[in-house]
Amino acid sequence: MMNPLKSITEMRNRGESRRLLDEVGYLWEGLDPSAGIGLRRSSALEINTKLCDSDFARKAKTADFIGQTWEFLLEANREEDKVMNILLAFFCALVARDPGSLVELVQRDSSQVVQTLFALLASFPPKSDPLHLVSDANQLRKLGLSKKEQNLAASIHSMLRSSALFPPFTPLSTALLVSHTLASLPSASLKPTPANLKAILDNLREHFSSFSPSLSAFVTISQHSEKQNALAHLHNLLSLFDSYLLRGWALQAEGDININQQQLEAARTDWFADGLTSFAILTEVISSRSATSEVEQGKARQCTLVTLRLLVGLTHADKIWCGKVASREECLLFIMRTILRGHVDHMEKVKKHQSSKIKTEPSSSDDFPRLDNSYQEPTMPKDDGLDALCLALGLLTNLVQLEDEVKTTIRDITSSTRCRPTKCLEKCLCPNRISAPRALVEMYTDLVLTSSAPVKQEPCLDSGQQTDLLAAGETRLLLSHLSLLFGLLMKDNSTNQRDILDWLPESPTSLACDGQSGKVQMLIAHAKEFSYLYAESGDEGGSARDVIVFLEQLQNQL
């Protein structure tokens, strides 16, 4: 027997849907291609106005309003009118508030959402985007917009601001609407065609080119970042590119693989490596400024993380990328600032979870400045700090592994946990600064002293203990990574070998060896944990094993 309550609900929903479709019927008629462009624009604007209302948007979802309206909008914009393009992008961004509705729209047989969005992204660089230039009447006139069209662009901008799609003060643009929608889509729905990849790269290049090559200008730029830096848009673009590199997009057509690779190689050589490096430093500066709003600080931190993640992936086993990044000395200083800030955050987290304080007697080698873990850097939440720390360690490891020159230049880099990019952008000026290798050893020493698990001569190969290491062994993971980094720094570099062995803490009595031999044995024990964790990853596991072999040979020589 039919459920009467269900039947009544369905009837009510169907009735509500019919009323809504009747209500908007005149708007659909206004989108008819035979209608004048003015009527089509006003109809599209009214549709977006209605979708800004959450109650209307809810009803529209149940009435199949979204899919049908999208088809009408496409038909109404056959000539690709500049204002209609903006309204199309706005419509998609409003739909993206409900992920389910967006996915349904993309999955419609007649839908060309993804292709249309990438085409729009390619069509609206900042210099020719009416929404971005809405307050500049001279530029709008140069773009060919009449006074009436300028007023319409201003109305769209005002409506977009009041829609609360983005936080206050976010620089609004058509490109932001497009990238926001693309980033909201499941990555598997994105097609890695050369045209789509080019649209992302061209947008990134346009924004990166506005960054001054002078580092001292970064501080000035960051003071006006809310007006000048499209952080939300750039974060969307970098996230899209990150998912592309991780092969999260749809499968590439065989003929597109070489073309896409050529695009990436050309970008790497011409601008991408410098642009990513500069952007990472700029977002660090923005997030460190106390005058920056909390919302923008958070977005800047997100940008820093995704940029670090990209740099780690792009420099992995790529000597050209490593060479481009390593040639920027300020990048090495940025990496060290990120590592040391993350270390301070991690140590605070460890101390909070310890039931009692660990008391240790200083060794005879503790006659140099210690890392000041009492300093609290307010610019990065603890989870973000640890993520940034791990990524920065990975990036530094990639550079040291493929660029022998970094083993020497890093000794000339000084840093401190008190480093702030606004003061130490090009060179650390902190009174307690120490060399980068020494700071890394001090970080390692702090981790050893606070590690809850004793160092073992051989790592346990039990799968259950591997799970424990992953779940609760953040400190041990950092120790294992640092051990491998020290091995890379000491390999084929006698100066680094002498200094690092002198600075390393004495080995615990649980190890069979003491002195420098015991120090190396402790590195081997930690490095083997890293090797075991990445045993299934051919490249990572193989590189770790090579370093372990070097450390074992070094121990035999001591």
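Counting from 1, position 240 in the sequence shown corresponds to residue 240 in UniProt numbering; the numbering is continuous, with no gaps.
Note that the Cβ used here is the ideal one computed from N, Cα and C, for glycine as well.
Treat the numbers as computed from the prediction; the structure is a model and nothing was measured.
Looking at the DSSP output, residue 435 bridges to 414. By the Cβ rule, the segment 399 to 418 counts as touching the segment 430 to 438, because three or more pairs are nearer than 8 angstroms.
In the displayed model, residue 237 falls within a helix according to three-state DSSP.
Between residue 188 and residue 248, the C-beta spacing is below 8 angstroms.
Contact annotation: residue 277 and residue 331 have beta-carbon atoms nearer than 8 angstroms. Your pair residue 230 and residue 290 does not check out as a contact, with CB atoms roughly 22 angstroms apart and the cut at 8 angstroms.
As the crow flies, the alpha-carbon of residue 510 is around 22 angstroms from that of residue 443. Separation of the CB atoms of residue 308 and residue 246 is rounded to 15 angstroms, and the pair is thereby denied contact status at 8 angstroms. A residue is called buried when at least 16 other Cβ atoms come within 10 angstroms of its Cβ; residue 553 does not meet this threshold and is exposed.
Under the three-pair Cβ rule at 8 angstroms, the segment 154 to 165 counts as touching the segment 82 to 99. Contact between residue 81 and residue 37 holds: CB atoms are separated by about 6 angstroms, below the 8 angstroms threshold.
Residue 527 places its beta carbon less than 8 angstroms from that of residue 484. Remark: three or more beta-carbon pairs, one from each stretch, lie closer than 8 angstroms, so the segment 148 to 155 and the segment 118 to 134 are flagged as touching.
Residue environment analysis places residue 418 among the buried positions, since at least 16 neighbouring C-beta atoms fall within 10 angstroms of its C-beta.
Bounds of any alpha helix (DSSP H) do not take in residue 144, whose DSSP letter is neither H nor E. Assigned with DSSP and collapsed to three states, residue 91 falls in helix. Distance from the Cα of residue 205 is smallest, within the candidate group 267, 52 and 480, for 267. Within a 10 Å sphere around the beta-carbon of residue 156 sit 16 or more other beta-carbons, which makes this residue buried. In the structure shown, residue 422 adopts coil according to DSSP, grouped into three states.
A direct Cα-to-Cα measurement between residue 39 and residue 85 gives close to 15 angstroms. Around the beta-carbon of residue 521, 16 or more other beta-carbon atoms lie within 10 Å, marking it buried.
Assigned with DSSP and collapsed to three states, residue 249 falls in coil, not helix or strand. If the five residues before and after residue 117 are omitted, its C-beta is found closer than 7 angstroms to the C-beta atoms of 92, 178, 181 and 182, all from its own chain and listed in chain order. Residue environment analysis places residue 549 among the exposed positions, since fewer than 16 neighbouring C-beta atoms fall within 10 angstroms of its C-beta.
With distances taken between CA atoms, residue 160 lies nearest to 89 out of 124, 89, 298 and 429. With fewer than 16 neighbouring CB atoms inside 10 Å of its own CB, residue 426 falls in the exposed class. Put simply, of 251, 241 and 250 the residue whose alpha carbon is nearest the alpha carbon of residue 263 is 241. Around the Cβ of residue 476, a 10 Å sphere holds 16 or more other Cβ atoms; the residue is buried. In the three-state reduction of the DSSP assignment, residue 549 falls in the helix class. Excluding five sequence positions before and after residue 346, the CB atoms of its chain that fall closer than 6 angstroms to its own CB belong to 386, given in chain order.
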